[in-house]
Amino acid sequence: MSTKILFSLFTLLTVFSLETELTASDLLAEVDLDPMGNAILSTITLQLASGHDEGKIISVLEKVAGDLKKQQMTSSALNATQQKICDESVAAYSLQIQNTQSNIESSQQILNRDEPELENVIGQIAQKTKEITGFEEELKKAENQREADHNDWTSKDKESVEGIEAVMGGIKLTTQLKYEDANVVLIQQELTALKGRIEKEIEKTDKIMYKPVIASLAQIARSANLETVDEIIRILENLKIDLIASKGEDMKVEEQAQKVYEQYAATISSTISSSQQDIDSLRSKKERLEASVEAAESDIANSREKILNYKQMLDDQEKLCEQWKEIYLREDAEREMEIESIYKVVELVNNEILGVKAYLGQRNK
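Going by the working numbering, the residue at position 121 of the sequence shown is 917; the numbering climbs one at a time, nothing skipped.
What follows is the structure in structure tokens.
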């Protein structure tokens, strides 16, 4: 018998249970109104027409009930298997969500650690770059000052050389006046020409002892007075010595200034080089941190998308499992009622066979 036919037996059970005051004919008439119930009665009619007694009919009905019980056991086993599959699937999706959420938390910890460090490294790079710029400006300023000081020294050194040469020229000319064959007029002219330069060098020494030499040179240039020649030569020789010594001191000062500059420039250059190495190291660290932050952000975004997908699959799986469960419970309840209905029919056939036959006989007219 089909499920629909057997379901009609449930109708019979319901009528039989709730309307116990009805006769067998009344109950069968009620069943006969349903197409499936009509088919059951037609089957029973056929069984009776074939000469089968109520025992045979009951045997057939009990066999059907037995088949239903087997179906019920099979269905129960399938349901247990299906429920296990559902439980495992739900647990698997839940575990995936949990693991993915843990991955998000791990990636977030990486972000919490690396993002502040990245900002700090970027700040250090900016600070180091600013320091290098400052050092380079200081070095350029020192270089310009050193160049300016060197140019000043070069100019003064040139003047010192010229002054020394002028004094030496004055010594030479004054010495020539001691000789009788000297061209006094020419010497006087040359002394007059050198007097201004020698006077300038004397002023640079800031020594009173050299002041009279100018007047003496002027007198010699005018009258070629030889009385003071030796004294003038002596004073000019001393002046030459002082000028040469002063030039040497200036040279030492220049050399010391150059040495100090070179040491300072070397120190600044070393500091710049060290800072640049620090920047290179920080940039490598920055690249590593940026890659770490980017990977963590990407992992979080991908994991969140995975969680949405897992949650959707979990929801779909739970709905599907719920549908399977509802179907199983409904079909199981239907089979249970069908089995009970069959036994009620068996009871009716067994106890009210005359009434059943009477109804079926009347039914077939």
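Think of the CB as a built atom: it goes at the ideal place given N, C-alpha and C, for glycine as much as any other residue.
Only a predicted model underlies this, so the values are computations on that prediction, with no experimental measurement involved.
1) With distance defined between alpha-carbon atoms, name the residue in 1134, 1113 and 1053 nearest to residue 889.
2) Please go through the same chain and pick out, in chain order, the residues whose beta-carbon is closer than 6 Å to the beta-carbon of residue 1153, but skip the five residues on each side of it.
3) Just the C-alpha distance for residue 1099 and residue 1108, rounded to the nearest angstrom, thanks.
4) What's the gap between the Cα of residue 899 and the Cα of residue 1096?
5) What did DSSP end up calling residue 965 once you bin it into helix, strand or coil?
6) If we require 4 or more residues per run, which alpha helix (DSSP H) segments fall completely within the region 1126-1159?
7) Could you check how far apart the C-beta atoms of residue 896 and residue 1124 are, in whole angstroms? I think they sit under 8 Å.
8) Should the region 1058-1078 be called in touch with the region 913-924, which here means at least 3 C-beta pairs below 8 Å?
9) Taking all protein chains shown into account, do 16 or more other C-beta atoms lie within 10 angstroms of the C-beta of residue 903, making it buried, or fewer, making it exposed?
10) If you measure from the beta carbon of residue 972 to each beta carbon in chain B, is any gap under 9 Å?
11) If you compare alpha carbons, which of 1056, 970, 999 and 873 is closest to residue 942?
12) Out of 1082, 1048, 948 and 886, state which residue places its alpha-carbon closest to the alpha-carbon of residue 1117.
13) To the nearest angstrom, report how far apart residue 1054 and residue 1071 are at their CA atoms.
14) Please tell me whether residue 1120 and residue 867 are closer than 9 Å, where the distance is taken between their beta carbons.
15) Out of 928, 1000 and 1029, which one is the CA nearest neighbour of residue 987?
16) Going by the CB atoms, is the gap between residue 933 and residue 959 shorter than 9 Å?
17) Alpha carbon to alpha carbon, how far is residue 821 from residue 801? Give it in angstroms, no decimals.
18) Are residue 1085 and residue 935 touching if we call contact CB-CB under 9 Å?
19) Determine the direct distance from the alpha carbon of residue 948 to that of residue 1063, and round the result to whole angstroms.
20) Given a cut-off of 9 Å, decide if residue 906 and residue 1092 are closer than it, judged by their beta-carbon atoms.
21) Distance, Cα to Cα, residue 1133 vs residue 884?
22) Whose C-alpha, out of 1032, 849, 993 and 1083, is nearest the C-alpha of residue 971?
23) For residue 1147 and residue 1130, I'd like the C-alpha separation in whole angstroms.
According to the structure shown:
1) Counting from 1 along the sequence shown, the entry for residue 889 is found at position 93. With distances taken between Cα atoms, residue 889 lies closest to 1113.
2) Within the sequence shown, numbered from 1, the residue matching residue 1153 stands at position 357. Excluding positions up to five away in sequence, the list is empty.
3) In the sequence shown, residue 1099 corresponds to position 303, counting from 1. In the sequence shown, residue 1108 corresponds to position 312, counting from 1. Distance between the alpha carbons of residue 1099 and residue 1108: 14 Å.
4) Locating residue 899 in the sequence shown gives position 103, where the first residue counts as 1. Locating residue 1096 in the sequence shown gives position 300, where the first residue counts as 1. When rounded, the distance between both Cα atoms is 8 Å.
5) Residue mapping note: residue 965 aligns to position 169 of the sequence shown, counting from 1. DSSP, read as helix, strand or coil, puts residue 965 in helix.
6) Counting whole runs of 4 or more residues, the region 1126-1159 contains the alpha helix (DSSP H) stretches 1149-1159.
7) Locating residue 896 in the sequence shown gives position 100, where the first residue counts as 1. Locating residue 1124 in the sequence shown gives position 328, where the first residue counts as 1. The Cβ separation is near 32 Å, so there is no contact.
8) Because the criterion of three Cβ pairs below 8 Å is met, the region 1058-1078 and the region 913-924 touch.
9) Here residue 903 refers to the residue found at position 107 of the sequence shown. Counting Cβ neighbours within 10 Å, residue 903 comes out buried, since at least 16 surround it.
10) Protein chain content of the structure displayed is limited to a single chain, and chain B is not contained in it.
11) If you number the sequence shown from 1, residue 942 lands on position 146. Ranking 1056, 970, 999 and 873 by Cα distance to residue 942 puts 1056 first.
12) On the sequence shown, position 321 is the one that residue 1117 refers to. Checked all of 1082, 1048, 948 and 886; the closest Cα to residue 1117 is 886.
13) Within the sequence shown, residue 1054 is the residue found at index 258, counting from 1. Within the sequence shown, residue 1071 is the residue found at index 275, counting from 1. In a straight line, the C-alpha of residue 1054 is about 25 Å away from that of residue 1071.
14) Working through the sequence shown from its first residue, we reach residue 1120 at position 324. Working through the sequence shown from its first residue, we reach residue 867 at position 71. Against a cut-off of 9 Å, the Cβ pair of residue 867 and residue 1120 comes out as no contact.
15) Reading the sequence shown from its first residue, position 191 is the one you call residue 987. Ranking 928, 1000 and 1029 by Cα distance to residue 987 puts 1029 first.
16) As a first step, residue 959 must be located in the sequence shown, where it is residue number 163. As a first step, residue 933 must be located in the sequence shown, where it is residue number 137. Not a contact, by the Cβ cut-off of 9 Å.
17) Residue mapping note: residue 801 aligns to position 5 of the sequence shown, counting from 1. Residue mapping note: residue 821 aligns to position 25 of the sequence shown, counting from 1. For residue 801, the predicted structure reports a pLDDT of 45, less than 50, and the residue's modelled location is therefore unreliable. The matter cannot be settled from this model.
18) Position 289 of the sequence shown, counting from 1, holds the residue named residue 1085. Position 139 of the sequence shown, counting from 1, holds the residue named residue 935. Contact: no.
19) Start at 1 with the first residue of the sequence shown, and residue 1063 comes out as number 267. Start at 1 with the first residue of the sequence shown, and residue 948 comes out as number 152. Residue 1063 and residue 948 have their C-alpha atoms roughly 25 Å apart.
20) Residue numbering aside, residue 1092 sits at position 296 when the sequence shown is read from its first letter. Residue numbering aside, residue 906 sits at position 110 when the sequence shown is read from its first letter. Cβ distance < 9 Å, so residue 1092 and residue 906 count as in contact.
21) Numbered from its first residue, the sequence shown carries residue 1133 at position 337. Numbered from its first residue, the sequence shown carries residue 884 at position 88. Approximately 32 Å, taken between the alpha carbons.
22) Stepping through the sequence shown from its first residue, residue 971 is reached at position 175. Per the Cα distances, 1032.
23) Taking the first residue of the sequence shown as position 1, residue 1147 is located at position 351. Taking the first residue of the sequence shown as position 1, residue 1130 is located at position 334. Residue 1147 and residue 1130 have their C-alpha atoms spaced approximately 25 Å apart.
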